[in-house]
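Q: The end of the sequence shown is residue 707 by my numbering, with every number in the run present.
Using N, Cα and C, we set each Cβ at its ideal position, and we do this for glycine too.
Predicted model, so just to flag it, every value in this text is computed and none were measured.
Shown below is the structure under consideration.
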Amino acid sequence: MSTLKFSSLSRRSALVASFATVLLLSACSPALNWRDVRTEDTGLGFLMPCKPDAAKKTLPMGEQLAELKLLSCTAGGATFAVASADITNAAATSAVLAQWQAAALANIQAGPSAVSSPFKLLGASTEPAAVMVKAQGKRPDGVPTNSQTVYFAQGSRVFQVVIYAEKIAPEAAQTFFSSLKLE
């Protein structure tokens with residue numbers, strides 16, 4: 525069995541090359557530039573790690589059509605999104621949130637390993653209670669993805685706050701979800 529020995533010069537070169545690689549990789553990764561975001565009509569405030577794009581779409585939610593409003597951005601290899609819709613019937617929020625959760629899990633082909641736990645959010649309706657769902661699945665192109673999603677309601681408005689990434693950074697998730705504030 526042979527052993528490789530490196531000279532001092534080789535070690536220095538390897539160290540410099542490693543350092544240069546780290547610098548190049550970090551230069552390619554966008555930094556998370558957290559900013560305060562407030563939605564106009566929902567009373568929800570939160571931090572986003574990048575400037576969000578806004579979109580609206582009318583979708584069936586429960587037994588009616590509702591305008592879904594979405595703010596989303598991608599940074600640090602993760603997509604961060606906040607979606608909400610006023611379904612005009614507070615009694616239907618439990619059913620709508622359950623359908624929304626099932627559809628989101630199906631979209632990423634999440635297996636039975638999805639885990640739901642209570643999520644504390646002041647100002648959110650207590651029925652249905654806010655929940656966080658963590659799941660593993662696949663994007664449409666087959667690439668593995670993880671999601672952490674909070675579902676909640678306030679009156680007749682339903683919300684989905686989500687991060688999708690191949691690997692979710694715990695610090696980013698903590699900052700994002702702990703920043704949620706309902707007024």
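1. Tell me, please, which residues DSSP counts as bridged to R663.
2. Using CA atoms only, rank isn't needed, just tell me which of A602, F643, S641, V682 is closest to D610.
3. Pairing CB atoms from the stretch 653-667 with CB atoms from the stretch 627-643, are three or more of them under 8 Å?
4. So, using beta-carbon positions, are E591 and K575 closer together than 8 Å?
5. Provide the residue span of the beta strand (DSSP E) that contains F700, from first to last.
6. How big is the Cα-Cα spacing for N670 and V561?
7. Figure out for me which residue from A616, G661, F570 has the closest Cα to the Cα of L649.
8. Spatial neighbours of G714 within its chain, please: CB distance less than 6 Å, with the 5 preceding and 5 following residues excluded, ordered by chain position.
9. Determine the contact status of V606 and V685, defining contact as a CB-CB distance below 8 Å.
10. Once the 5 residues before and after E564 are set aside, which same chain residues still bring their CB inside 8 Å of it?
11. Over what stretch of residues does the alpha helix (DSSP H) that includes V617 continue unbroken?
12. Measure the C-alpha to C-alpha separation of P694 and E587 and round it to an integer number of angstroms.
13. Return helix, strand or coil for A634, following the three-state DSSP convention.
14. Please list, in chain order, all residues of the same chain as K662 whose beta carbon is under 8 Å from its beta carbon, the five residues on each side excluded.
15. Report the three-state DSSP secondary structure of A653 (helix, strand or coil).
16. Assuming L645 contacts L704 (C-beta within less than 8 Å), just tell me the rounded distance between them.
17. CB S680 to CB T612, shorter than 8 Å?
18. By DSSP, does A648 sit in helix, in strand, or in coil?
A: Inspection of the coordinates gives the following:
1. For the purposes of this step, residue 663 is taken as the residue at position 139 of the sequence shown. Its beta-bridge partners do not exist; DSSP assigns none.
2. By 1-based counting over the sequence shown, the position of residue 610 is 86. If we check each option's Cα against that of D610, V682 comes out closest.
3. yes
4. Residue 591 sits at position 67 when you count from the first residue of the sequence shown. Residue 575 sits at position 51 when you count from the first residue of the sequence shown. Against a cut-off of 8 Å, the Cβ pair of K575 and E591 comes out as no contact.
5. Taking the sequence shown and counting its residues from 1, the one referred to as residue 700 is at position 176. Per DSSP, F700 belongs to no beta strand (DSSP E); it is in the alpha helix (DSSP H), 694-702.
6. The residue given as residue 670 occupies position 146 in the sequence shown. The residue given as residue 561 occupies position 37 in the sequence shown. Whole-angstrom Cα-Cα distance: 24 Å.
7. Here the question's residue 649 lines up with position 125 in the sequence shown. The amino acid occupying residue 649 in the given sequence is Ser; Leu does not appear at that position. Of the listed residues, the one whose Cα sits closest to S649 is A616.
8. An answer regarding residue 714 cannot be provided, because it is not within the stretch 525 to 707 covered by the chain.
9. Here residue 606 is taken as the residue at index 82 of the sequence shown, counted from 1. Here residue 685 is taken as the residue at index 161 of the sequence shown, counted from 1. Their beta carbons are under 8 Å apart, which means V606 touches V685 by this criterion.
10. Position 40 of the sequence shown, counting from 1, holds the residue named residue 564. Cβ within range, chain order: n/a, list empty.
11. In the sequence shown, counting from the first residue as 1, residue 617 sits at position 93. The question names Val, but residue 617 is Thr in the sequence shown. From DSSP, the alpha helix (DSSP H) with T617 extends over 617-631.
12. Counting from one through the sequence shown, the residue named residue 694 turns up at place 170. Counting from one through the sequence shown, the residue named residue 587 turns up at place 63. Answer to the nearest angstrom: the Cα atoms are 37 Å apart.
13. By one-based count along the sequence shown, residue 634 stands at place 110. Coil, per DSSP.
14. As a working note, residue 662 is residue 138 in the sequence shown. Within the same chain, K662 has close Cβ partners I632, Q633, P668, T669.
15. Reading the sequence shown from its first residue, position 129 is the one you call residue 653. Coil at A653, not helix or strand.
16. Along the sequence shown, read from residue 1 onward, the residue named residue 645 stands at position 121. Along the sequence shown, read from residue 1 onward, the residue named residue 704 stands at position 180. Indeed, because the Cβ distance is near 6 Å, the residues count as touching under 8 Å.
17. In the sequence shown, the residue the question calls residue 680 occupies position 156. In the sequence shown, the residue the question calls residue 612 occupies position 88. It is a contact, given that the beta carbons lie within the stated cut-off.
18. Along the sequence shown, read from residue 1 onward, the residue named residue 648 stands at position 124. Reduced to three states, the DSSP call for A648 is coil.
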